[in-house]
Amino acid sequence: MGDAVRIIRDVVPVDGDGAEAARVDVVLRGEGIDRIEPVGTTPDAAHVIDGGGRLLLPGFVDAHAHADGRIFDAGVQLALLRQGVTTVIGGQDGVSYAPGDGAYASEYFAAINGPHPGYDGGGIRSLLASYDGTAPLNQGLLVPAGTVRDLVCGRSTDAAGPAELEAMLALVADGLAEGALGLSTGLDYVPGVFATTEELARLTEPVAAAGGVYVSHMRGGYEANSAAGIAEIEAIARHSGVAVHVSHFHAEPHIVHEQLRRLEASGVDAFFDAYPYTRGCSILAMPVLPAWLTVRPTAEVLAVITDPDGRRRLLEEWFPTIVDYPSLGPDWPEMLTLAHIAAPELAWAHGLTIGAAAARAGTGPAEFALDVLAASRLEVNVVMAVRYDRDDADLAAILAHPRAIGGSDGIFIGAHPHPRARGSFARYLRLLVVSRADLGWAEAAALVSTRAVDRFGLGDRGRVRAGAVADLVLADPARIADRATYDDPLALAEGIDDVLVAGTPVLEGGCLTGATPGRGIRRSPSNSLFRKGYGNAGPSGGGTASRGPAIAHPLLKSEMRGE
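With my numbering applied, the sequence shown covers 1 to 563.
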């Protein structure tokens, strides 16, 4: 739209820096906020949006979402924008398409991220470019440590050797140089579960040098087992000095607060995200199959679970041990609800627990779990209940923490998905501000926008100020509501009907406009990254590689060489 002028008339601006102001007119020019003036004093322009006294907030940032391959889908776009989300951060849990050709992530996370419709290689730079002008929302990325490990070490379960570690360091540094916001790990997933603390600590060295963030799905589950994961994070951060972000920190409030105090006392700079629900969601294979098996290619896993002897051994020797999984326990068949099943002949089981589906199929829960995984080629995800439920007061005690950042962990694949993908950000506002008054609107804006912008280096966003990028949300406090539930998980949020990205309306009257001003959000790397000698790539934004192609390392798998 060039330098066209647009006016948002009669709104109450609020961001994470302070309290609500008087009603004003906000004048946009091009992609940014040009000025803010008293209401009614601004001459008309060709494009005027009637704010009607609504709140004007900075666009929300979903700091942990799995929209990596789904952000191009109109239904996903609508689900996010109706909550006010204008930027999502992907590459989560250590698994995404880049670096590499995307094959590993598309296979292993088929039920979480799905495939990317266009990416087939080229690294973080190419993946970020795939989001430029192709969707109404922005997409930031983390370098996924599991994907990096797979590229260098393949399906090995051994600790990385010195040469392998150097190759991984180069890939991490290259990804940061190409615009990644930090490094992510998924230490309950493969291959991340096989990474040693020493390996992870070394991989955070270029992250710290670049001013990025170490984002971790902790090892060994959460809830009552959280102290073990936090202890490892502490050791990693103390090694490199890296800033930390704990993914989906779900536990009883006293555990969350105690562990955050522990990190602070040890000098670790830590934030966290937490979605406003008790139940989780993940691939079924993660809690019910051993990591030594799921690290293998899908065809090999299927060969084992469909072989009579292999299946018998799993049923007799493995399944009795999953009752010890920290977040599940002996009632696991009733705690896992089938959210996505790729096999069409088993679509009847969507929304049922493993136990209920097994009973309907006339088999045992463990047998049914293997059957549904085999029929779906492992592409199954489940909503996971926890052993000790939490009420709204407990959730509020976690989310009102000054180091909390909004993150849905939204998964947009499934006929009966977790409601967090379509409800989290509306639920933050409805629960914490409107219903319980745990937060004021300025504090809520910090939770859902401003803190994430500052933490992840997302540029001049996150504030309603002259000079800021005009990623903006008009919210009606009287109508804010999350409608998605565990029984009706596809219902869209209400109360946010108008959203702009880079000054362009992308949601009007609750409907998509069809505009695609979104982009891949790059973080400019620190020069210290290159002074320390990590990586091959030059600065982001089209810089020339200083020592040849970023992935031309002899320890990378052969199909990756020469990209």
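Yeah, the Cβ is synthetic: ideal placement off N, Cα and C, and Gly gets one too.
Beta-ladder partner(s) of residue i, from DSSP
| i | result |
| --- | --- |
| A475 | L55, I496 |
| I230 | I230 pairs with nothing; no bridge assigned. |
| D50 | R9 |
| V382 | S282, L338 |
| Q139 | V88, G520 |
| E508 | C511 |
| E198 | Beta-bridge pairing links E198 to no other residue. |
| S184 | P144, V215 |
| R29 | V5, G32 |
| V469 | G32 |
Residues near residue i by beta carbon distance below 7 Å, same chain, minus five either side
| i | result |
| --- | --- |
| A515 | P136, T504, P505, V506 |
| D3 | R29, G30 |
| P477 | L55, V434 |
Residue i and residue j closer than 8 Å at C-beta
| i | j | result |
| --- | --- | --- |
| L432 | L399 | yes |
| D150 | M286 | no |
| V5 | V26 | no |
| G467 | I33 | yes |
| L338 | V380 | yes |
| A270 | R403 | yes |
| M218 | I233 | yes |
| Q83 | A493 | yes |
| V386 | E223 | yes |
| I411 | H418 | yes |
| G186 | Y325 | no |
| A369 | L284 | yes |
8 Å contact criterion, which residue i and residue j should meet: CB distance rounded
| i | j | result |
| --- | --- | --- |
| I413 | G146 | Not really, about 19 Å apart at Cβ, beyond 8 Å. |
| G90 | A74 | That belief does not hold up - the Cβ atoms of G90 and A74 are roughly 18 Å apart, past 8 Å. |
| A366 | F319 | 4 Å |
| Y214 | V172 | Not really, about 11 Å apart at Cβ, beyond 8 Å. |
| R427 | D482 | 4 Å |
| I230 | L263 | 7 Å |
| D488 | I49 | The Cβ separation is near 31 Å, so there is no contact. |
| M384 | S449 | The pair is not a contact, with the Cβ atoms about 28 Å apart (cut-off 8 Å). |
| E345 | A374 | The pair is not a contact, with the Cβ atoms about 12 Å apart (cut-off 8 Å). |
| D120 | D101 | 6 Å |
| D438 | P253 | Not confirmed; about 12 Å, so no contact. |
| A79 | A421 | 6 Å |
| P246 | S216 | According to the sequence shown, residue 246 is Val rather than Pro. Going by Cβ atoms, the distance from V246 to S216 rounds to 6 Å, so yes, they are a contact pair. |
Residue of the options minimising C-alpha distance to residue i
| i | options | result |
| --- | --- | --- |
| V148 | Q139, L128, G123 | G123 |
| L128 | T87, L200, P162, G154 | T87 |
| G212 | G182, D438, E508 | G182 |
| L200 | G179, H239, A303 | H239 |
| L169 | D17, L176, L203 | L203 |
| T157 | A358, V382, A98, P191 | P191 |
| V323 | L336, A342, A356 | L336 |
| R282 | D409, D460, I480, M218 | The sequence given here has Ser at residue 282, not Arg. Ranking the options by Cα distance to S282, first place goes to D409. |
| E198 | E223, E166, A342, R451 | E166 |
| D392 | Y277, A404, L352, A358 | Y277 |
| D273 | R360, N225, I405 | I405 |
| V382 | D309, T363, A396, H416 | H416 |
| G518 | G510, V501, C511, L447 | V501 |
| G52 | L260, L474, A209, D132 | L474 |
| L81 | F60, H401, I411, A98 | F60 |
| G423 | V268, I36, D62 | D62 |
| N225 | G329, I341, L78, A65 | G329 |
| D471 | L260, N138, A396 | N138 |
| R479 | R312, G495, A180 | G495 |
| A65 | A359, Y275, R360, A342 | Y275 |
| A342 | A111, A105, S106 | A111 |
| G118 | V268, D371, A98 | A98 |
6 Å Cβ shell around residue i - same chain, five flanking residues per side excluded
| i | result |
| --- | --- |
| V39 | D10, R23, V24, D25 |
| E205 | S240 |
| P144 | G91, G94, V95, S96, S184 |
| G256 | Note that residue 256 corresponds to Val in the displayed sequence, not to Gly. Excluding sequence neighbours, V256 sits near F249, I398. |
| P525 | Here the model assigns P525 a pLDDT of 40, short of 50, so the residue's position is not dependable, and the following value carries that caveat. L176, A177, A210, listed in sequence order. |
| P297 | none |
| E37 | D25 |
| A251 | Y222, E223, S226 |
Neighbourhood of residue i by C-beta distance below 8 Å, restricted to the same chain and skipping five residues each side
| i | result |
| --- | --- |
| V14 | E20, A21, L55, L56, L57, W441, A442, A445, V464 |
| D389 | T278 |
| E508 | D497, D498 |
| I7 | D25, V26, V27, L28, T42, D44, A45, H47, V48, I49 |
| G355 | P333, E334, P365 |
beta-carbon residue i near the ligand MG non-hydrogen atom, thresh 7 Å
| i | result |
| --- | --- |
| R70 | Absence of the ligand MG from the depicted structure is noted, as is the absence of any ligand whatsoever, leaving it without description. |
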